[in-house]
Amino acid sequence: MNVVRFMLQNRTQVLELTWEHLWLVGWSTFFAALVGIPLGILIAHRTRLNKPVLASANIIQTIPSLALFGFLLPVPWLGERVDRLAILALTLYALLPIIRNTYDGIRGVDPAVVEAGRGMGLTESQLLFKVELPLAVSVILSGVRVAAVICVGLATIAAAIGAGGLGEFIFRGLAMVDNRVILAGAIPAAIMALLADFGVGWIEKRLKPR
Amino acid sequence: MRFGKDRGLRYAGRNAWGTTLVIEFRNVSYRVNGVHVLSDLSLHVARGETLVLLGRSGSGKTTTLKLINRLAVPSSGEILVNGAPNDQVDVIRLRRGIGYVIQEVGLFPHFTVERNISLVPKIEGWPEAKIRARVHELLQIVGLGPAFASRYPGQLSGGQRQRVGVARALAADPAILLMDEPFGALDPLTRDELQREFLSLQQGLHKTVVFVTHDLHEALRLGSRIALMEAGKLVTLLTPAEFLKSSDPWASAYVRAFGDRLDSAVNRGAS
Chain L
1 MNVVRFMLQN RTQVLELTWE HLWLVGWSTF FAALVGIPLG ILIAHRTRLN KPVLASANII
61 QTIPSLALFG FLLPVPWLGE RVDRLAILAL TLYALLPIIR NTYDGIRGVD PAVVEAGRGM
121 GLTESQLLFK VELPLAVSVI LSGVRVAAVI CVGLATIAAA IGAGGLGEFI FRGLAMVDNR
181 VILAGAIPAA IMALLADFGV GWIEKRLKPR
Chain B
1001 MRFGKDRGLR YAGRNAWGTT LVIEFRNVSY RVNGVHVLSD LSLHVARGET LVLLGRSGSG
1061 KTTTLKLINR LAVPSSGEIL VNGAPNDQVD VIRLRRGIGY VIQEVGLFPH FTVERNISLV
1121 PKIEGWPEAK IRARVHELLQ IVGLGPAFAS RYPGQLSGGQ RQRVGVARAL AADPAILLMD
1181 EPFGALDPLT RDELQREFLS LQQGLHKTVV FVTHDLHEAL RLGSRIALME AGKLVTLLTP
1241 AEFLKSSDPW ASAYVRAFGD RLDSAVNRGA S
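Encoded structure:
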């Protein structure tokens, strides 16, 4: 097991890069949820906005990640710190699944339940927090889950602009034509993706009504 | 809002028959995208009566009901609730004073029966002990034992669910009850049971009820008056006994469609 030996020999660097990777993924998923969930709620209620918002998020998704990182480099405040830039780019990619699932989750609440709630005199915010969000929570969180997994994968590209993370090993391994180095980046990234999937899934199960 | 109050007082009077009007429609029309759902509807509901809105689907009965608690807003005309135009009072207050029961029930699936029933009292800040007592009282009234309090809607039968729906609508003791085909989705036996219970409940509570149905049998049995609607218009407004003898073409068409043995259904309750 050459790879394992290589990783053990370089364990401080593996841990460091894993930590950087986690940092990028954590913040970008967090920011994407912070923006995406309210946006999803908004377009679920103002249906006229849903097409433009979802279309924009879709378009962002189609930009090749390497190109987006490159595009953002000359932007003044962002370009100064590449991790900032990487977090912004990853946030943009993570938006679509979160907006989409929040929208679907809220639209999927039985209209009879919403009508009954409104008819009995719940205010719009009571309706949202007591009825719609609790009933949509598992759909919303599975969007967050997808977003986190996407971010783990895409964050490896961030190494191309020097933002660190496990991509460093992958790019270095590619340049050295050394599979051990590539795998030293890829394996922790794959584990992280699985853990993110599992972790958000666990939260989902805890928050799900009944 | 002095003006509003004065208007309220002026409207809240008694009509020529000495009954208090709780709900009044004045030349109400409702259009969606140029389609007339309701045209020039005028009718009133007196305190303690059960007014049945009878008609086929698309006749505007549900819209009429939703206009009362402002789930729909009229294109023209006005609706008075307890003497005041319902667009001049806070819509949340208005709705909390009106119980609302729909065919699909719409129980909150993530809440227990108890939380479903107690939601509005809780929001209104009732003390905990009073809420619990009220929930048990209501479960009793709708014929479910206290054992049901901790169940979830998914664990109930259709009939039990609708009983909880009625209990929830009664929770904050509203004077008005709006019921939109509440028993429409139930099997005939359960429907019969719930209709019977509705009658005995109404004898004790004397709520002002507006009840939507397309079932003439149900209308005759539960209504103190029947408003027959067709294509967004009020065709005729009669007591159940009058309805059976009516020469109105729409009313007699209904009677023919439902056939014999309707006489036995007529509501002979005090109303």
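Chains as they are written, first to last, in this note's numbering: chain L, 1 to 210; chain B, 1001 to 1271.
Cβ atoms here follow ideal geometry from the backbone N, Cα and C, with glycine treated the same way.
The structure presented is a predicted model; accordingly, all values stated were derived computationally and were not measured.
Residue burial classification, residue i (beta-carbon count within 10 angstroms, cutoff 16)
i: V200 of chain L; result: buried
i: A175 of chain L; result: exposed
i: S1224 of chain B; result: buried
i: G1145 of chain B; result: exposed
i: N1069 of chain B; result: buried
i: S1059 of chain B; result: buried
i: I203 of chain L; result: exposed
i: A1147 of chain B; result: exposed
i: R1161 of chain B; result: buried
i: P1188 of chain B; result: exposed
i: A33 of chain L; result: buried
i: I1079 of chain B; result: buried
i: Q1202 of chain B; result: buried
i: G1013 of chain B; result: Unreliable positioning characterises G1013 of chain B in this predicted model, as indicated by a pLDDT of 46, which lies under 50. The coordinate reading is nonetheless provided below. It counts as exposed.
i: N1116 of chain B; result: buried
i: L73 of chain L; result: exposed
i: T12 of chain L; result: exposed
i: L213 of chain L; result: No answer is possible for residue 213 of chain L: it lies beyond the span of chain L, which begins at 1 and ends at 210.
i: V152 of chain L; result: buried
Within chain L, the residues that residue i reaches when beta carbons sit closer than 8 Å
i: N1069 of chain B; result: G119
i: Y1030 of chain B; result: Ordered by position in chain L, no residue passes the 8 Å Cβ test against Y1030 of chain B, which lies about 17 Å from the chain.
i: R1096 of chain B; result: M120 and G121
Proximal chain B residues relative to residue i, where beta-carbon distance stays under 8 Å
i: Q126 of chain L; result: I1123
i: V139 of chain L; result: Ordered by position in chain B, no residue passes the 8 Å Cβ test against V139 of chain L, which lies about 13 Å from the chain.
i: A44 of chain L; result: Chain B residues near A44 of chain L: none, gap ~18 Å exceeds 8 Å.
Alpha-carbon spacing of residue i relative to residue j, whole angstroms
i: L49 of chain L; j: H1214 of chain B; result: 38 Å
i: D1248 of chain B; j: Y1254 of chain B; result: 10 Å
i: G79 of chain L; j: I170 of chain L; result: 23 Å
i: L20 of chain L; j: G164 of chain L; result: The amino acid at residue 20 of chain L is misidentified as Leu; the sequence shows Glu. For E20 of chain L and G164 of chain L, the distance between alpha carbons rounds to 6 Å.
i: G173 of chain L; j: V14 of chain L; result: 13 Å
i: E1181 of chain B; j: R1191 of chain B; result: 11 Å
i: I191 of chain L; j: F30 of chain L; result: 20 Å
i: A193 of chain L; j: S1150 of chain B; result: 39 Å
i: A1257 of chain B; j: L1234 of chain B; result: 19 Å
i: L1054 of chain B; j: L1228 of chain B; result: 5 Å
i: V177 of chain L; j: V75 of chain L; result: 33 Å
i: S1200 of chain B; j: R1096 of chain B; result: 24 Å
i: V1168 of chain B; j: K51 of chain L; result: Here residue 1168 of chain B is Arg; the residue named in the question, Val, does not match the sequence. About 37 Å.
i: A1171 of chain B; j: F71 of chain L; result: 60 Å
i: K1061 of chain B; j: G1232 of chain B; result: 8 Å
i: G1048 of chain B; j: I1226 of chain B; result: 15 Å
i: G1077 of chain B; j: L1071 of chain B; result: 16 Å
i: V1210 of chain B; j: L1065 of chain B; result: 7 Å
i: A57 of chain L; j: L1119 of chain B; result: 37 Å
i: F198 of chain L; j: L135 of chain L; result: 21 Å
i: E1128 of chain B; j: K1122 of chain B; result: 8 Å
i: L1222 of chain B; j: K208 of chain L; result: 41 Å
i: L1139 of chain B; j: E1114 of chain B; result: 9 Å
i: I1131 of chain B; j: D1087 of chain B; result: 30 Å
i: G1165 of chain B; j: K130 of chain L; result: 18 Å
i: A184 of chain L; j: R84 of chain L; result: 25 Å
i: L195 of chain L; j: T47 of chain L; result: 35 Å
Integer-rounded CB distance, given that residue j should sit under 8 Å from residue i
i: L1237 of chain B; j: L1043 of chain B; result: 6 Å
i: I182 of chain L; j: G167 of chain L; result: Not confirmed; about 10 Å, so no contact.
i: I1023 of chain B; j: V1045 of chain B; result: 4 Å
i: F6 of chain L; j: R180 of chain L; result: 4 Å
i: V82 of chain L; j: I140 of chain L; result: Actually they are not in contact, since the Cβ atoms of V82 of chain L and I140 of chain L sit about 31 Å apart, beyond 8 Å.
i: L90 of chain L; j: A155 of chain L; result: 6 Å
Residues that residue i contacts on chain L, provided the C-beta gap is smaller than 7 Å
i: I1092 of chain B; result: G121 and T123
i: R1134 of chain B; result: Neighbours of R1134 of chain B on chain L: none; closest Cβ ~15 Å, over 7 Å.
i: V1120 of chain B; result: M120 and G121
i: I1102 of chain B; result: A112, E115 and A116
9 Å Cβ cut-off: residues of chain B touching residue i
i: L135 of chain L; result: F1108, P1109 and H1110
Proximal residues of chain B, C-beta to C-beta of residue i below 7 Å
i: E80 of chain L; result: Those within 7 Å of E80 of chain L in chain B number zero; the least Cβ separation is about 47 Å.
i: V75 of chain L; result: Residues of chain B passing the Cβ test: none, with the nearest at roughly 44 Å.
i: E204 of chain L; result: Result: empty, since nearest Cβ-Cβ is about 14 Å, beyond 7 Å.
i: V144 of chain L; result: Those do not exist, as V144 of chain L stays about 19 Å from chain B at its closest Cβ, beyond 7 Å.
i: V131 of chain L; result: F1108
Checklist entry - Pairing CB atoms from the region 136-152 of chain L with CB atoms from the region 97-106 of chain L, are three or more of them under 8 Å? => result yes
Checklist entry - Does the region 120-127 of chain L touch the region 58-78 of chain L, meaning 3 or more C-beta pairs lie closer than 8 Å? => result no
Checklist entry - Hey, is the region 99-110 of chain L in contact with the region 37-47 of chain L, meaning 3+ C-beta pairs nearer than 8 Å? => result yes
Checklist entry - Does the count of Cβ pairs from the region 103-118 of chain L and the region 1098-1111 of chain B closer than 8 Å reach three? => result yes
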